[in-house]
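Residue numbers (UniProt numbering): 1 to 524. Reviewing the structure listed below.
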């Protein structure tokens with residue numbers, strides 16, 4: 001894929017993006033959320049029509065107009081949400097729409113024999129007559145891979161295929177992927193888990209802001225380089241924030257508001273520990289898919305806790321629902337403003353007072369005067385720009401919608417504010433406003449736990465940073481130790497070094513891949 005460009009509504013989504021993949025390699029395609037990975041895949045598989053550039057597959061230029069054309073050419077995609085028919089058998093799913101026939105009828109015996117033989121070649125012996133929905137997610141992923149192989153796929157695209165698997169299941173899947181590579185197939189592997197990339201992939205393409213910013217062998221790019229390239233922050237450009245101000249904030253912070261010890265809800269969260277005190281802002285750092293959102297949901301009682309312990313105000317608690325968390329003084333501003341935040345058709349007034357509505361009601365009737373007083377107070381204090389409190393919240397800009405949601409929780413007078421990507425999807429000015437508000441809330445004594453992908457935003461607000469990777473706490477940084485450089489180093493390495501075994505395995509395959517690329521640039 002060369003110089004690929006595409007726009008939506010006049011806004012460029014890809015600008016001169018490139019991707020070259022060789023037969024017999026596992027190629028990592030990575031980037032932050034919105035970098036353009038999914039758009040590249042959709043153009044390659046015929047779901048989108050490119051606006052500019054060219055796509056070559058097996059040496060010839062192609063222009064797939066539908067996903068069906070891409071599949072017929074030999075490109076198969078396995079998405080995070082597995083596209084199987086749960087109530088149909090394993091064998092039926094593998095050959096769905098391509099069943100071998102005899103005298104015009106489906107030859108079920110042959111279907112089952114071929115399916116069993118194919119899975120056996122993966123080292124997997126299961127009953128292919130059983131409904132696929134009865135098997136684990138890992139087995140279903142391998143059934144999807146078997147379907148791709150049975151259709152003679154020359155390229156397999158795996159989009160976040162390991163996100164819901166545990167470590168044992170991931171290794172089982174990797175065994176199959178390596179076999180596909182060794183059989184000469186090309187595999188594009190999309191994941192945010194760095195350890196997986198280094199254990200499995202041979203080369204990597206990094207995307208940022210709709211452009212390809214790096215292409216390299218995995219052996220030539222260490223984890224820190226990978227992270228800095230993804231985030232777009234060179235080491236020379238990283239500037240440490242005012243450590244003296246941070247240390248002063250930490251010195252005057254109050255009592256512990258919440259403590260989390262070895263929180264777990266596998267496979268997303270596997271041992272997160274942190275604490276937040278009154279009058280401090282703690283940053284939760286990590287790449288997309290590291291478990292930040294899942295950790296916050298556990299702390300808010302939105303998801304069940306499988307292991308670990310929570311304490312609020314020094315008292316052990318078991319939060320079984322968000323209602324329990326709210327009653328304990330917790331507030332949670334979700335990252336999904338439109339899906340889990342605003343009620344689009346309701347007015348700004350009703351959206352803002354949604355959480356505290358019960359306290360404003362007497363005998364089931366809301367005290368309109370008291371409600372309006374709260375609305376007026378937060379419109380003024382947070383600088384919410386609107387025509388009227390009666391207008392639907394959907395008419396407000398993203399930044400002002402976010403301020404209304406923040407006001408909603410502040411009106412409930414919480415002791416701890418959980419903020420998950422509070423500046424996502426809002427403009428630069430609104431981002432600065434939100435950061436200023438968070439600092440003011442911290443200085444007023446509120447405990448704040450802030451999750452952010454942009455390290456510059458996180459270090460501008462947080463006094464401490466807790467770094468998580470693959471659902472585990474790997475570092476805690478504060479004062480002079482907290483900088484963008486230190487956070488990226490912790491994200492890349494945590495408490496572990498690179499795997500020498502994985503590095504050796506990649507090197508063994510590197511010469512073959514380079515020969516394939518130089519000899520015949522057949523990549524997509």
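Positions of the beta carbon are idealized from the N, C-alpha and C atoms, including for glycine.
Secondary structure of residue 36 (DSSP, three-state): coil. Distances from the CA of residue 117 to each of 263, 253, 143 and 335 were compared; the closest alpha carbon is that of 143. Annotated three-state conformation of residue 126 is coil, per DSSP. Within 10 angstroms of the beta-carbon of residue 353 lie 16 or more other beta-carbons, which makes it buried. Between residue 263 and residue 298, the gap from beta carbon to beta carbon is short of 7 Å.
By the Cβ test, the segment 246-265 is not in contact with the segment 67-83, since fewer than three Cβ pairs between them sit closer than 8 Å.
A direct Cα-Cα distance of roughly 48 Å separates residue 399 from residue 90. Per DSSP, the continuous alpha helix (DSSP H) segment holding residue 91 begins and ends at 90-94. Beta-bridge analysis with DSSP links residue 472 to 469.
A straight line joining the alpha-carbon of residue 199 with that of residue 167 spans about 12 Å. Residue 224 and residue 201 have their C-alpha atoms some 17 Å from each other.
By the Cβ-count criterion, residue 38 is buried, with 16 or more other Cβ atoms from all chains shown falling within 10 Å of its own Cβ. Between the C-alpha atoms of residue 61 and residue 42 there is a straight-line separation of about 17 Å.
A distance below 6 Å between beta-carbons, with the five flanking residues on each side excluded, links residue 35 to the following residues of its chain, in chain order: 207 and 208.
When the Cα atoms are used, residue 377 and residue 446 turn out to be separated by approximately 18 Å. Excluding its 5 nearest sequence neighbours in each direction, residue 337 has C-beta neighbours in its own chain below 8 Å: 398, 401, 402, 405, 424 and 425, listed in chain order. In this structure, the CA atom of residue 346 is about 22 Å from the CA atom of residue 362. Excluding its 5 nearest sequence neighbours in each direction, residue 172 has C-beta neighbours in its own chain below 7 Å: 138, listed in chain order. Unbroken alpha helix (DSSP H) runs of no fewer than 4 residues, entirely contained in the segment 118-204, are found at 137-150, 167-182 and 194-200, following chain order. Just measuring C-alpha positions, the residue of 40, 441, 58 and 53 sitting nearest residue 77 is 40.
Put simply, of 161, 15 and 300 the residue whose alpha carbon is nearest the alpha carbon of residue 196 is 161.
In the DSSP assignment, the residues bridged to residue 420 are 451. If you look at residue 400, you'll find it in the alpha helix (DSSP H) that goes 398-410. Non-local C-beta neighbours of residue 394 in its own chain, meaning closer than 6 Å and more than five positions away in sequence, comprise 344, ordered along the chain. Judged by beta-carbon spacing, residue 329 lies beyond the 7 Å limit of residue 422, meaning their Cβ atoms are not closer than that value.
Per the coordinates, the alpha-carbon of residue 99 lies some 26 Å from the alpha-carbon of residue 181. Residue 477 is not a Cβ neighbour of residue 492, given a cutoff of 7 Å. By the 16-neighbour rule on beta-carbons within 10 angstroms, residue 175 is exposed.
Contact between the segment 279-288 and the segment 305-323 is absent: fewer than three C-beta pairs spanning the two stretches fall below 8 Å.
C-alpha of residue 121 to C-alpha of residue 115: approximately 10 Å in a straight line. Going by C-alpha positions, residue 303 is about 8 Å away from residue 294.
DSSP places residue 67 in the uninterrupted alpha helix (DSSP H) bounded by 67-73. The alpha-carbon separation between residue 193 and residue 169 amounts to approximately 15 Å.
Counting along the chain, no beta strand (DSSP E) covers residue 351; the unbroken alpha helix (DSSP H) around it starts and ends at 348-352. Put simply, the backbone Cα of residue 183 is about 58 Å away from that of residue 327.
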